[in-house]
Every structure is written in structure tokens, then in C-alpha cells.
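S.K.: This structure is in C-alpha cells; I'll ask about it shortly.
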Amino acid sequence: MSAALLSKLKWTPVGLFGIAVIHYLASIHPAYDATTQLASKLKPASWSPSSTAGLELDAWSSRVKGSRPAANTTVRANAAFVMLTRNGDLWDMLRSIRSMEDRFNSRYNYPYVFLNEVPFDDQFIKHTTALCSGKTYYGLVSNDDWKVPDSIDRDRAAQVRYQMQQDGVIYGGSESYRQMCRFESGYFFRQPLLDQFDYYWRIDPNVKFFCDLDYDPFMFMQQHNKTYGFTISLYEYKETIKTLWDTTKDFMKAHPEHIARNNMIDWLQKDDGTYNLCHFWSNFEIGKLDFFRSQAYLDYFNYLDQAGGFYYERWGDAPVHSIAVSLMQEKNQLHFFSDIGYRHEPFQHCPNGRETDPARCDCNPNSSDNFEWHGYSCTALYHKLQGTGKTIDNH
Ligand SMILES: Nc1nc2c(ncn2[C@@H]2O[C@H](COP(=O)(O)OP(=O)(O)OP(=O)(O)O)[C@@H](O)[C@H]2O)c(=O)[nH]1
Ligand SMILES: [Mg+2]
């Protein structure tokens, strides 16, 4: 029925009867009452960054989630999903959450932490709370953690943005993208709402998880003493990180105490000592928060921040995280989640059936969309250095 026809019918006796029937049917559904009363439950928005920087909708959560099947009773890690996002990303976020819930979290009910530099609006809170099976927390990032630091020369930064835009560098002209990258590099793990957690799993808007997960990746991280897990690795755009590696080498000289003995520097460095541009794609990452809170990581972030490359170039959080864990952790503390099928446009990883029952995935492992064995992936080199025995021919 077209919208115009519907609006004509609406106030006829037939239309009124139809609306009454729809309301009656909805009112006998258990979720109806909770939904109609939601607005009044969304009131106490205490958006002060100095408080716990967020609000919980416990009452609402327990009512809508009450009808869901009980979670299994196995032990949980102290962990949460983390999503830095904007109100305008709501529908793309819901797509990611739906996928995560269907494939994993509806059985585990891990909580979600949403972060934003402006308050989340009621619509965002309502829809995300309804879809997440775990508790939801909404944090307001303080201006101190988000703003461009005073030490940055604004004119120089603006000139760089202009030039990168002219050169067609992706997000090269964007200041907010740089703020996001700096925040993800140095501040997400310091948000008060994350203090209570040991592990995080980052989720971006509009991503897809292809496979049912029959185990808990957070518990895997904990039980195997892993610091950082990934699914896709690739080469960074050179124009965005021109001096990142040289700055990192200076840091290594200044802080040799932070460099792990059995690290993965060979995954980063070419024979001539330059950066090979390899990094883990950080829109998916499962990480140990204590590593990012450590003095070693904070020293590294501060060193980079003082060099100004988040603004004078366009350093991404992906190479920053990747370099940090590859240099400052033992190589067996990294983990390739080969059994987690995942897509963030325009690349994906689809398990090939050896890691997981193919019936549990809705991706084609032989599709050319699969990035892992492309020339632009760094995962083959990762396997070689980790000694996993996997190669481009036998994976
Ligand atoms: N609150 C907030 N979140 C942002 C902002 N910019 C980006 N994000 C979030 O940061 C994450 C990364 O941003 P994306 O735009 O997905 O960056 P990307 O993954 O490099 O690029 P595409 O996904 O290809 O656009 C996403 O979760 C975004 O929702 C911002 O200005 N404010
Ligand atoms: Mg993204």
C-alpha cells in the first residue's frame, strides 16, 4: 500500500478499525509495553564527563531482554565490545550489532560500551539498547581527550589537509578523521567506562560477521595470554605515515626497555630498515586493555603525539596499534583469529573450512573478495614469521 493511499485511508472508519486492531495485537505482545514506555525511561541523561561519563538503562534492558533465551552458564571474561561512533552511524551500527549478536553474543551477553564526543541521542540509545543482549553503556568523551592538542600548529595542519585532499589521499582533508585516529590510538582505553574491563573487542559500523562462534574469543585471549587478535592485515597508504617508522625507531632508541625480546619487528621492517607498511586492520581488534594502559604503550603514544604526525601527516590508529604490539609484546601474544569470518568494506576474511564447520559461515572461502592471500595482505608474512606452517598454497 502506498504512503499516499495509507494516509487517505487512515481516518476512514475502516482505517480507524485497522489501527485499533494493530494496537490491540501489539499490546498483547510482551515487548509492546516496554517499547511504549521507553521514552520516560530515557530521562536521566547525566552527560558530565567528570561523572562516570555515561548512563545505563538497566530497567529498560531487563524488561526487553527478559524474554531472550538464558545465556549459557560458562565463565565469562571481564570484557566488553567498544564502539566509538556518531549518532548518524546508528543504522550502520545496528547492522554490526545484529551480526555480532546472531553469530556470538546472543549466547554470551557481553556488554557494549558506546563512545562519542557529543551526547548520544535518545534514538541511538533506544535502538542500541534494544538490540544488544548485554548491558549497554554510553560514554561522553571529554573535550580534553578529543580536541586537537594546543601543541599542534593549526596553520601547518590545515595546509597538510589541503595538500592531501588535493593529492586524493583517503580522508586526507579531514580533521575529524585525524581526531578519531588519535583518540583510538591514545585515549579509548582511558575512558572511565573501560576501567572496569580487561579485554575489549572493537566493532565499526556496517561490518559483518560470517560465522557462528562456538567458543568465547575473550576467554581464549585470557587463557592463552594473548594481547592482540586480528583477522585482516594489509599495507598502509604510504602518504599517511611518511615519518611514523623513523619516529618509532627514535622511540626504540630512547626506550630500549620497552622492546620485547622475541618480538615481531620482522613483520614490520624491510631488509633495508624501512617500514614495509604492514599493519593489522584495526576496525576489528580484540585486545588486552592492560597493554594499552601500560607505561610502555603510553610512552610510545606520547612520543608519537609529541612528534605531531596525527595532524602533520595522517597517522592511523591501525599502524600505531600494530607497531606497538609487534614491538612491545612477545610474538606469541599476537593471535590471528582465522575462524572469525569478517567483512569491513571493501575486504573480508572467510575461514576456509579447516578452522570451522563450513555450514556455520555464510561467506565463500574461495571468493576473490577474500583478502588474506592477496598480494596486499600481510598475513602470509605473519604466518611465516609465527611458524604456523600455513602458506599461500596449503592454507
Ligand atoms: N564519535 C565519533 N566517531 C567517529 C568519528 N569519526 C569516525 N568515528 C568512528 O570511528 C570508527 C572508525 O571510523 P570509520 O569512518 O569507520 O573509519 P575507517 O574504518 O577507517 O573508514 P571507513 O569505514 O572505510 O569509512 C567508526 O566506529 C566511526 O563510527 C567522529 O568524528 N566522531
Ligand atoms: Mg570503518
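Residue numbers (the numbering used here): -10 to 384.
Glycine included, C-beta positions come from ideal geometry on N, C-alpha and C.
Keep in mind it's a predicted model, so treat the numbers as computed, not measured.
(1) Pick out whichever of Pro245, Gln337, Ala369 and Ile159 has its Cα sitting closest to the Cα of Asn355.
(2) Is it the case that the CB of Asp193 approaches a heavy atom of ligand 1 more closely than 7 Å?
(3) Measuring alpha carbon to alpha carbon, tell me which residue in Gly364, Cys350 and Ser366 is nearest Phe93.
(4) Within the same chain, show all residues whose beta-carbon is closer than 6 Å to that of Thr368, passing over the 5 residues directly before and after it, in chain order.
(5) Which runs of the alpha helix (DSSP H) fall wholly inside the stretch 136 to 218 and span at least 4 residues, in chain order?
(6) Hey, Ile329 and Cys121: beta-carbon distance below 8 Å or not?
(7) Can you list, in chain order, the residues of its chain whose CB lies under 6 Å from that of Val196, leaving out five sequence neighbours each side?
(8) Whole angstroms is fine: what's the gap from Gly276's alpha carbon to His324's?
(9) Using 8 Å as the threshold, is the C-beta distance between Trp304 and Ile254 below it?
(10) Taking the CB atoms as reference points, tell me whether Ala68 and Tyr189 lie closer together than 8 Å.
(11) Identify, in the order they occur along the chain, each residue of the same chain with its Cβ nearer than 8 Å to the Cβ of Val64, setting aside the five sequence neighbours on each side.
(12) Using a Cβ-based criterion (distance less than 7 Å to any ligand heavy atom), does Asp110 qualify as near ligand 1?
(13) Within 10 angstroms of its Cβ, does His213 collect 16 or more other Cβ (buried), or is it exposed?
(14) Excluding the five sequence neighbours on either side, which residues of its own chain have a C-beta within less than 6 Å of the C-beta of Val130, listed in chain order?
(15) Determine whether the beta carbon atoms of Trp270 and Phe219 lie at a separation below 8 Å.
(16) Can we count Asn341 as close to ligand 1, meaning its CB is less than 7 Å from some heavy atom?
(17) Any heavy atom of ligand 3 within a distance shorter than 7 Å of the CB on Asn94?
(18) Could you check what DSSP says for Ile11 in three-state terms: helix, strand or coil?
(19) Considering only their Cβ atoms, is the gap separating Tyr151 from Gly123 smaller than 8 Å?
(20) Residues in its own chain within less than 6 Å of Met72 by CB, not counting five upstream and five downstream?
(21) Looking only at its chain, what residues have a beta carbon closer than 7 Å to the beta carbon of Gln26, apart from the 5 residues adjacent to it on each side?
(22) Going residue by residue through the stretch 306 to 347, where are the continuous alpha helix (DSSP H) segments of at least 4 residues, counting only ones entirely within it?
(23) Enumerate, from N- to C-terminal direction, the unbroken beta strand (DSSP E) stretches of 3 or more residues contained entirely within the stretch 74 to 148.
(24) Should His268 and Ser311 be called a contact, given that it needs their Cβ atoms to be closer than 8 Å?
(25) Spatial neighbours of Asp279 within its chain, please: CB distance less than 8 Å, with the 5 preceding and 5 following residues excluded, ordered by chain position.
(26) For Asn353, is the beta carbon positioned less than 7 Å from some heavy atom of ligand 2?
(27) In whole angstroms, what separates the C-alpha of Tyr21 from that of His116?
(28) For Trp234, does the count of other Cβ atoms within 10 angstroms reach 16, so buried, or fall short, so exposed?
(29) Could you have a look at Thr275 and say whether DSSP puts it in helix, strand or coil?
(30) Is Gln180 near Gly128, with beta carbons less than 8 Å apart?
(31) Measure the alpha-carbon distance for Ile248 versus Glu90 and round it to whole angstroms.
M.R.: In short, the structure shows the following:
(1) For the purposes of this step, residue 355 is identified with residue 366 of the sequence shown, where counting begins at 1. Asn355 has its Cα closest to that of Gln337, out of Pro245, Gln337, Ala369 and Ile159.
(2) On the sequence shown, position 204 is the one that residue 193 refers to. Checking every heavy atom of ligand 1 against the Cβ of Asp193, one is found closer than 7 Å.
(3) Position 104 of the sequence shown, counting from 1, holds the residue named residue 93. In this structure, Cys350 is the residue among Gly364, Cys350 and Ser366 with its C-alpha nearest to the C-alpha of Phe93.
(4) Along the sequence shown, read from residue 1 onward, the residue named residue 368 stands at position 379. Contacts found: Ser222 and Glu361.
(5) 143 to 155, 164 to 175 and 206 to 212
(6) In the sequence shown, counting from the first residue as 1, residue 329 sits at position 340. In the sequence shown, counting from the first residue as 1, residue 121 sits at position 132. Cβ distance not < 8 Å, so Ile329 and Cys121 don't count as in contact.
(7) As a working mapping, residue 196 is identified with position 207 in the sequence shown. Once the five neighbours on either side are set aside, the close Cβ partners of Val196 are Ser85 and His333.
(8) Against the sequence shown, residue 276 aligns to sequence position 287. Against the sequence shown, residue 324 aligns to sequence position 335. Answer to the nearest angstrom: the Cα atoms are 10 Å apart.
(9) Sequence index remark: in the sequence shown, residue 304 carries index 315 (1-based). Sequence index remark: in the sequence shown, residue 254 carries index 265 (1-based). No; because the gap between Cβ atoms is not below 8 Å, this pair is not in contact.
(10) Start at 1 with the first residue of the sequence shown, and residue 68 comes out as number 79. Start at 1 with the first residue of the sequence shown, and residue 189 comes out as number 200. Yes. Within cutoff.
(11) The residue you call residue 64 lines up with position 75 of the sequence shown. Answer for Val64: Met208, listed in chain order.
(12) Within the sequence shown, numbered from 1, the residue matching residue 110 stands at position 121. Not so, every heavy atom of ligand 1 lies at least 7 Å from the Cβ.
(13) Along the sequence shown, one-based indexing puts residue 213 at 224. It counts as exposed.
(14) Your numbering for residue 130 matches position 141 in the sequence shown. When the five nearest sequence neighbours on each side are left out, the beta carbons in the same chain lying within less than 6 Å of the beta carbon of Val130 are those of Leu104 and Glu106, in order along the chain.
(15) The count along the sequence shown starts at 1 and reaches residue 270 at position 281. The count along the sequence shown starts at 1 and reaches residue 219 at position 230. Yes, Cβ-Cβ distance for Trp270 and Phe219 is below 8 Å.
(16) By one-based count along the sequence shown, residue 341 stands at place 352. Not so, every heavy atom of ligand 1 lies at least 7 Å from the Cβ.
(17) Although ligand 3 was asked about, the structure shown includes only ligand 1 and ligand 2 as ligands.
(18) Counted from its first residue, the sequence shown places residue 11 at position 22. A caution first: Ile11 carries a pLDDT of 37, below 50, which makes its placement in the model too unreliable to give a value.
(19) Counting from 1 along the sequence shown, the entry for residue 123 is found at position 134. Counting from 1 along the sequence shown, the entry for residue 151 is found at position 162. Cβ distance not < 8 Å, so Gly123 and Tyr151 don't count as in contact.
(20) Position 83 of the sequence shown, counted from the start, is the residue given in the question as residue 72. Taken in chain order, the residues that qualify are Phe103 and Ile192.
(21) Indexing the sequence shown from 1 puts residue 26 at position 37. Annotation note: pLDDT 30 at Gln26 (below 50); position unreliable, coordinate value reported separately. There are no such residues.
(22) 306 to 317
(23) 101 to 105 and 125 to 129
(24) Residue 268 sits at position 279 when you count from the first residue of the sequence shown. Residue 311 sits at position 322 when you count from the first residue of the sequence shown. Yes; because the gap between Cβ atoms is below 8 Å, this pair is in contact.
(25) What you label residue 279 is simply residue 290 of the sequence shown in a count that begins at 1. Non-local C-beta neighbours of Asp279 in its own chain, meaning closer than 8 Å and more than five positions away in sequence, comprise Asp187, ordered along the chain.
(26) If you number the sequence shown from 1, residue 353 lands on position 364. Outside the cutoff, so no.
(27) Counted from its first residue, the sequence shown places residue 21 at position 32. Counted from its first residue, the sequence shown places residue 116 at position 127. Caution is warranted here: a pLDDT of 31 is assigned to Tyr21, below 50, making its placement in the model unreliable, and the coordinate value is therefore given only provisionally. Straight-line Cα distance between these residues: approximately 14 Å.
(28) Residue numbering aside, residue 234 sits at position 245 when the sequence shown is read from its first letter. Trp234 is buried by the Cβ-count criterion.
(29) As a first step, residue 275 must be located in the sequence shown, where it is residue number 286. Checking the sequence, you will find Ile at residue 275 rather than Thr. DSSP places Ile275 in strand when its eight states are reduced to three.
(30) Within the sequence shown, residue 180 is the residue found at index 191, counting from 1. Within the sequence shown, residue 128 is the residue found at index 139, counting from 1. Yes, the pair counts as a contact, with Cβ atoms nearer than the cut-off.
(31) On the sequence shown, residue 248 is found 259 positions in, with the first residue counted as 1. On the sequence shown, residue 90 is found 101 positions in, with the first residue counted as 1. Those two C-alpha atoms are separated by around 38 Å.
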